[in-house]
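Residue numbers for the sequence shown follow the working numbering, so the first one is 3 and each next one is one higher.
All C-beta atoms, glycine included, are put in the ideal place defined by N, C-alpha and C.
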Amino acid sequence: MNHLWMSGADLMSHDDTPSMSDDNELWLLGCRYELPDANARRMQQDILEAQTDDMFRPRPTDSTSSHDISSSSNATDSKTSNAAVMSLLWPPDFYADFCSRYWMTYRHNYPPIRPSHYKTDIGWGCMLRSGQSLLANTLLIHLLSRHWRRVTPSNPSWKTYVKITHWFLDELSPRAPFSIHRIALLGKQLGKNIGEWFGPSTISQVIQ
């Protein structure tokens, strides 16, 4: 619950934040959803904790033995199974809505943000990624409506969704006008060096 709530926190204004006193409801971008019963929520918390533990398991390397590869495969199968269970525990309408939102977060090993040598925004790009998330979801709602859902690539609106996604690729190119590269360079014009943390005012000016 906390992970999902915080992941979507940048998508909600403080005025729109619902009261957390009602344990039977869940809100996302102004839409209200009914939560499952208490037993289902406890099971959901157990799954979240299991997934957290799995995140810190060693990943296979080139020297990984066949036994380790088999174990890794089992872990992947388990994670896939957990994801399927998660989709059943959350209200279906909420789950489809949440999975249709953009969530930009730290990345690494993209082309350097010239003239610097930064290939990652880990540790300094939180506000830049929050700004991307806000802008991407605003464009998604504006171009495809608040009720659009990322259901299947065969959907006629899928091309628009892909187009919006391309606008935020981690590269400095005409097809990615809202990339972290461009945001960082615009911030430099406002007195923020590449690799320096942005404040809310700076990211707002850059988005504008």
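Pick from the options: whose alpha carbon is nearest that of residue i?
i, options, result
"A186", "P117, L145, G32", "P117"
"P114", "L91, S181, V153, Q191", "S181"
"W29", "L136, D48, Q47, P93", "P93"
"V208", "E51, L137, R151", "L137"
"W105", "Y112, Q134, L91", "Q134"
With respect to the beta strand (DSSP E) encompassing residue i, which residues constitute its N-terminal and C-terminal limits?
i, result
"R34", "33 to 36"
"W29", "27 to 30"
State the Cα-Cα distance for the pair residue i and residue j, rounded to the nearest angstrom.
i, j, result
"D99", "L174", "30 Å"
"S147", "L130", "24 Å"
"F96", "R44", "18 Å"
"N26", "R34", "10 Å"
"T107", "I124", "9 Å"
"P155", "N139", "19 Å"
"S132", "L142", "15 Å"
"D39", "K121", "45 Å"
"T204", "L145", "26 Å"
"I71", "K190", "Note that I71 scores 49 on pLDDT, short of 50, meaning its location in the model is unreliable; the coordinates nonetheless yield the value given after this. One C-alpha to the other measures close to 45 Å."
"F200", "L192", "10 Å"
"R177", "C101", "24 Å"
"I49", "H119", "39 Å"
"R184", "N41", "47 Å"
"E36", "H149", "17 Å"
"L31", "R103", "10 Å"
"W160", "R152", "8 Å"
"P202", "C128", "11 Å"
"Q46", "A52", "10 Å"
"L188", "D172", "15 Å"
"S206", "N111", "26 Å"
For the alpha helix (DSSP H) that residue i lies in, which residues bound it at each end?
i, result
"W160", "160 to 168"
"A178", "Premise fails: A178 is in no alpha helix (DSSP H) and is neither H nor E."
"D172", "That residue, D172, is in no alpha helix (DSSP H); it is neither H nor E in DSSP."
"D99", "94 to 100"
By DSSP, does residue i sit in helix, in strand, or in coil?
i, result
"H144", "helix"
"H183", "helix"
"T204", "helix"
Checklist entry - Is there contact here, the segment 158 to 169 with the segment 193 to 207, by at least three beta-carbon pairs under 8 Å? => result no
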